[in-house]
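S.K.: Numbering (mature numbering (1 follows the signal peptide of the UniProt record, and there is no 0)), first residue to last: -25 to -1, 1 to 536.
We put the beta carbon where it would ideally sit given N, CA and C, even for glycine.
1. Please list the segments of the alpha helix (DSSP H) lying wholly inside the segment 313 to 359, counting only runs of 4 or more residues, in order along the chain.
2. Return the chain-ordered list of same chain residues with a C-beta closer than 7 Å to the C-beta of residue 455, the five sequence neighbours on each side being excluded.
3. Find the nearest neighbour of residue 399 within the set 354, 442, 407, judged by alpha-carbon distance.
4. In whole angstroms, give me the CA-to-CA distance for residue 190 and residue 174.
5. For the alpha helix (DSSP H) that residue 495 lies in, which residues bound it at each end?
6. Can you tell me the Cα-Cα spacing of residue 525 and residue 477, whole angstroms?
7. In the DSSP assignment, find the beta strand (DSSP E) that holds residue 478 and state where it starts and stops.
8. Suppose the cutoff is 8 Å on Cβ atoms and the five residues either side in sequence are ignored; what does the same chain contact list for residue 366 look like?
9. Please identify the residue among 492, 490, 412, 147 whose C-alpha is closest to the C-alpha of residue 64.
10. Count the other CB atoms, across all protein chains shown, that sit within 10 Å of the CB of residue 500; report buried if there are 16 or more and exposed otherwise.
11. For the segment 34 to 51 against the segment 369 to 380, are there 3 or more C-beta pairs whose distance is under 8 Å?
12. Name the residue from 330, 222, 352 whose alpha carbon lies nearest to the alpha carbon of residue 291.
13. Please name the residue in 116, 319, 216 whose C-alpha comes closest to that of residue 157.
14. Report all residues from its chain with a CB closer than 6 Å to the CB of residue 287; omit the five preceding and five following residues, and keep chain order.
15. Please list, in chain order, all residues of the same chain as residue 164 whose beta carbon is under 6 Å from its beta carbon, the five residues on each side excluded.
16. State the Cα-Cα distance for the pair residue 169 and residue 362, rounded to the nearest angstrom.
17. So residue 153 packs on residue 89, CB below 8 Å; how close in whole Å?
18. Starting from the C-beta of residue 431, find all residues in its chain whose C-beta is less than 6 Å away, skip the five residues before and the five after it, and write them out in chain order.
19. Below 8 Å on the Cβ atoms is my guess for residue 318 versus residue 148; work out the distance and round it to an integer in Å.
20. I'd like the ranges of any beta strand (DSSP E) spanning at least 3 consecutive residues and lying wholly in the segment 161 to 221.
21. Taking the CB atoms as reference points, tell me whether residue 38 and residue 382 lie closer together than 7 Å.
22. Which residue or residues does DSSP assign as beta-bridge partners of residue 509?
23. Look up residue 104 in the DSSP assignment and say whether it is helix, strand or coil.
24. With C-beta atoms as the reference, is residue 510 less than 7 Å away from residue 92?
25. Please determine, among 212, 451, 9, 256, the residue with the shortest C-alpha to C-alpha distance to residue 184.
26. Mind checking whether residue 316 and residue 302 have CB atoms under 7 Å apart?
27. If distances are taken between C-alpha atoms only, which option among 73, 4, 26, 32 comes closest to residue 104?
28. Assuming residue 387 contacts residue 533 under a Cβ cut-off of 8 Å, what Cβ separation, rounded to an integer in Å, is found between them?
29. Distance check for residue 295 and residue 209, CA to CA, integer angstroms please.
30. Measuring straight from C-alpha to C-alpha, what distance separates residue 378 and residue 48?
31. Provide the residue(s) that pair with residue 407 in DSSP beta bridges, ordered along the chain.
32. Using the Cβ count rule (16 or more neighbours within 10 Å means buried), how would you classify residue 300?
33. Would you kindly report the start and end of the unbroken beta strand (DSSP E) that includes residue 483?
34. To which residues of the same chain is residue 471 closer than 6 Å at the C-beta, ignoring the five residues directly before and after it?
35. Just to confirm the assignment: which complete alpha helix (DSSP H) runs, minimum length 4, are found wholly within the segment 355 to 393?
36. Under a Cβ-count criterion, where at least 16 other Cβ atoms within 10 Å of its own Cβ denotes burial, should residue 254 be classed as buried or exposed?
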């Protein structure tokens, strides 16, 4: 349908035939660009160095919200919050696992997913398209597995997950979430080649040919076609372009493979620093046996991954330019909001933890937030408040014309950002919640291959989650030239925490409490790299005040958030 309409539209435009455009309608369009694991909000060097088209077409043409965060710094929970506007404690999506974690589970499918942003937009006459990564376990389920007859898939034991239960409890490739008129969802986690797409519920296989299969370009082309189709129909539209960059393996397009040659991961003050101030053990003891953090070989791998990430993002930068150019050529740019953000941040050697996310530190929590569109001034930076991933759904609905009463009736935990973006003013609370439930596997052979001598075995619970890396890790250029095979801890089940963050434009404070008893607190104005744990020696009454706030936020819902 869409390709045919696109051809008709192109012929009509070439012939000079007048077509009504959606810019004549009252309802604006929204284009939502979502990247994966992008870390540049923490490095603060993306704008001038590595994404010039992002700067030219978005940040200089709209607003940048300086303090933007993921309320859960890992892919699946954060994305679930983005599409529903709710904290994970109101979704039952706790981490990236499909069973105990709730990621793309049947309980999610039959419950919270139904109230997604596209479904609510449909009541406003907006047509919606999705292309790219959805949720990590989406499309991996099997309709032929008898375990689907179980009454529920939550709280599955790890042993059952390892035997296939995790996938058993995941949605199948033919599942299209309600509300989406055009669905091209990736099965599973981010990759760039050799993947399966649910093309409106039908499995579509892709290989390793750049011109036909490179996922970033697939997302781009699918979204561009939908833009043309909707303009031809005169329909307001919402497009989600969910690209895999900069997630591993961070395969760059061939023309960008040499980008960032020689660049190293940012050596921030907390880079490869092993802390000894009563922190959670993952940031307190380092990953080498001697407790000194990464060795030179592991550090070189981190540098290579950083270069690959930057190279992969060049295709996203190209996509931004093509989106804005297409919107302009179609005559709808002035009536279209473009939002750019990422699901979570990413650490690259901070506190001696080589790579990944999941930690309550600035590298992992901070995300980008650029918005351009009607009523938003050009080239402005907003730093007197904050934006959260749970704010995106209500913001999109507000952009599309939903009334405050309608938005309130949907029970979002987040708040619309349109007033903040257009006036710089907000009446929202100074405090918000960060929460995460640690994920682990029974045993971790790859980690144990590092010949650790039990250094952490008294601190882990039910094993650790780790990642094995080596010369075979990347099959596209640039490849790692090192010879060492190494493994690092990425998570642990006792890496389960809740934090309260307080931001008022002048102060910025965060306190986190782990289930294993550790407490960490930081003044992020004076100590943005979180080098001094203020919880050590904190007055008992002050500590209780903050932990009480955490408990209140952990049970909030809707207006009480």
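M.R.: Concretely, from the data shown:
1. 337 to 340
2. 276, 279, 446, 448, 449
3. 354
4. 14 Å
5. No alpha helix (DSSP H) contains residue 495, which is instead part of the beta strand (DSSP E) from 494 to 498.
6. 11 Å
7. 472 to 478
8. 60, 389, 390, 391, 392
9. 412
10. exposed
11. no
12. 222
13. 216
14. 220, 221, 225, 227
15. 111
16. 35 Å
17. 6 Å
18. In this predicted model, residue 431 has a pLDDT of only 42, less than 50, meaning its place in the structure is not dependable; the value taken from the coordinates is given anyway. None.
19. Going by Cβ atoms, the distance from residue 318 to residue 148 rounds to 22 Å, so no, they are not a contact pair.
20. 170 to 174, 177 to 181, 212 to 217
21. no
22. None; residue 509 has no bridge partner.
23. strand
24. no
25. 451
26. no
27. 4
28. 7 Å
29. 23 Å
30. 30 Å
31. 476
32. exposed
33. 483 to 489
34. 412, 413, 490
35. 367 to 374, 379 to 384
36. buried
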